[in-house]
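Structure record follows, encoded as structure tokens.
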Amino acid sequence: MTTELYLKLTQFYQDYAASIDLEEWDSWFNMFTDDCIYKIQSRENYDRDLPMAALSLEGKGMLKDRIYGVTETIFHDPYMQKHVVSAPRVISSSEDFIDAQANYSVFRTKNDGIAEVFNVGRYVDRFVIDGDSLVLQSRVCVFDNDMILNSLIYPI
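Residue numbering for the sequence shown follows the working numbering, starting at 46 and increasing by one per position.
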């Protein structure tokens with residue numbers, strides 16, 4: 046892997062976090078392939094290769110439905126999220142794909158001004174190299190928490 050490609054990978058992780066934190070849903074949506082897989086799954090289930098996930102979306106159509114739900118139909122106590130993402134660790138790479146992981150922490154702040162750790166874990170990713178761009182074919186957000194506080198509204 047070239048240094049230039051690693052920098053693009055690192056930038057991708059930061060852009061991904063910013064798209065969620067800033068609620069730029071079109072940007073988030075366009076970071077995935079048409080046939081993508083997006084899951085939020087407990088470490089226990091992931092490590093045991095069990096299918097149960099807190100959220101499991103297959104294809105951009107399901108991502109689009111989720112964003113519609115978040116922005117138009119789900120009623121919840123408003124809050125802001127901020128992501129902190131580690132530098133990515135490349136597991137393997139080829140001319141067409143990159144398998145990488147990065148640790149994340151998501152902090153949530155409600156209108157009362159009290160910030161709390163919402164979710165902590167790692168991204169397990171497969172990227173497609175599309176010319177000069179990277180696109181997520183698969184993202185599994187493997188969370189370490191025993192449970193998710195309240196409910197899962199926004200993507201991780």
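Where is the CB? At the ideal position from N, CA and C, for every residue including glycine.
- Express the C-alpha separation of L108 and R184 in angstroms, rounding to a whole number. Here the question's residue 184 lines up with position 139 in the sequence shown. Here the question's residue 108 lines up with position 63 in the sequence shown. Answer to the nearest angstrom: the Cα atoms are 12 Å apart.
- Given 8 Å, three or more beta-carbon pairs between the region 71-87 and the region 167-187: Yes, since at least three Cβ pairs between the region 71-87 and the region 167-187 fall closer than 8 Å, the two stretches touch.
- Message: If you measure between the beta carbons of D66 and Q126, is that distance less than 7 Å?
- Response: The count along the sequence shown starts at 1 and reaches residue 66 at position 21. The count along the sequence shown starts at 1 and reaches residue 126 at position 81. Between D66 and Q126, the C-beta spacing is below 7 Å.
- Task: List the DSSP bridge partners of H121.
- Result: Here residue 121 refers to the residue found at position 76 of the sequence shown. H121 pairs with nothing; no bridge assigned.
- Query: Quick one: what's got a C-beta closer than 6 Å to I143's C-beta in the same chain, skipping five residues either side?
  - Reply: As a position in the sequence shown, residue 143 is number 98, starting the count at 1. For I143, where only same-chain residues beyond five positions count, the Cβ hits under 6 Å are F172.
- Task: Using three-state DSSP, classify D177 as helix, strand or coil.
- Result: The count along the sequence shown starts at 1 and reaches residue 177 at position 132. The three-state secondary structure of D177, taken from DSSP, is coil.
- Three-way DSSP call (helix, strand, coil) for G104 in this model: Position 59 of the sequence shown, counting from 1, holds the residue named residue 104. Three-state DSSP puts G104 in coil, outside helix and strand.
- If you compare alpha carbons, which of T48, L54, A63 and N190 is closest to P133? The count along the sequence shown starts at 1 and reaches residue 133 at position 88. Comparing Cα-Cα distances from P133 to each of T48, L54, A63 and N190, the minimum goes to L54.
- If we call anything under 7 Å between Cβ atoms a contact, is A62 one with V169? Within the sequence shown, numbered from 1, the residue matching residue 62 stands at position 17. Within the sequence shown, numbered from 1, the residue matching residue 169 stands at position 124. Contact annotation: A62 and V169 have beta-carbon atoms that are not nearer than 7 Å.
- Message: Suppose you measure from the CA of I112 to the CA of D71; what does that come to, to the nearest Å?
- Response: As a working note, residue 112 is residue 67 in the sequence shown. As a working note, residue 71 is residue 26 in the sequence shown. Their Cα atoms are separated by approximately 9 Å.
- Item | Proximity winner among Y124, M97, S178 and N156, relative to L50 (alpha-carbon distances) | Indexing the sequence shown from 1 puts residue 50 at position 5. Comparing alpha-carbon positions, the option among Y124, M97, S178 and N156 lying closest to L50 turns out to be S178.
- Item | I65 in three-state terms, based on DSSP | Taking the sequence shown and counting its residues from 1, one reaches residue 65 at position 20. Under the three-state reduction of DSSP output, I65 falls in the helix class.
- Message: Taking the alpha-carbon of F163 as reference, which of V151, D157 and P96 has the nearest alpha-carbon?
- Response: Reading the sequence shown from its first residue, position 118 is the one you call residue 163. For F163, the closest C-alpha among the options V151, D157 and P96 is that of V151.
- Query: Which class does D170 belong to by DSSP, given the choice of helix, strand or coil?
  - Reply: Locating residue 170 in the sequence shown gives position 125, where the first residue counts as 1. The answer is strand: DSSP assigns D170 an E or B state.
- Message: Please tell me whether R167 and Y124 are closer than 7 Å, where the distance is taken between their beta carbons.
- Response: Stepping through the sequence shown from its first residue, residue 167 is reached at position 122. Stepping through the sequence shown from its first residue, residue 124 is reached at position 79. Their beta carbons are not under 7 Å apart, which means R167 does not touch Y124 by this criterion.
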